[in-house]
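To start, the structure under review is shown below, and the notes come after it.
In the numbering used here, the protein residues as written are 386 to 544.
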């Protein structure tokens, strides 16, 4: 039981370190404005595009293994102070579990923040995976049902 409490305390500590007053509030206002200005599909497409453009500016080194891919992603996430990711690959899919991601300055806006930030990450991760040799027709999607202390993404055919 003590390990669980320590893990929760550690996660809270890292989240507080990531919080940048002003910047976090500005991003929250931008996310809210984007979602309010367009229908769900259009606003999420725009956020994915922003993520894709960010990924283009922060290219990963070529990875030969899943471990190298994970290390490359985590180097960029560390630079951004955006937490860290675990990458798990199987025959059917690649699962990315994004931990200790930046939090909303207003806990009442957590669902909107998670949706927006996860959608930006969809664009980031999809662009990075495609640049590593992924196929353009394979989609990467956030699974909000699996969001407990992590944002979980699945990269596979037929989503």
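The C-beta atom is built at its ideal place from N, Cα and C for all residues, glycine as well.
Contact between the region 466 to 480 and the region 443 to 458 is defined here as three or more beta-carbon pairs at a separation below 8 angstroms; is this criterion met?
Taking 8 angstroms as the limit for Cβ pairs, the verdict is that the region 443 to 458 does touch the region 466 to 480.
Beta-carbon gap between residue 508 and residue 420 smaller than 8 angstroms:
no
N- and C-terminal bounds of the beta strand (DSSP E) containing residue 535
535 to 541
So, helix, strand or coil for residue 428, using DSSP?
Residue state, collapsed to three classes: helix.
State the beta-bridge partners of residue 469 as determined by DSSP.
Residue 469 is bridged to 484.
Between residue 542 and residue 520, what straight-line distance do the alpha-carbon atoms span, to the nearest angstrom?
Our two residues, residue 542 and residue 520, have alpha carbons roughly 9 angstroms apart in a direct line.
Given this structure, state the Cα-to-Cα distance separating residue 524 from residue 440, to the nearest angstrom.
16 angstroms
Quick check on the burial criterion: 16 or more other C-beta atoms within 10 angstroms. Buried or exposed for residue 411?
exposed
Quick one: what's residue 433 bridged to in DSSP?
None, per the DSSP bridge assignment.
Please state whether DSSP places residue 421 in a helix, a strand or coil.
helix
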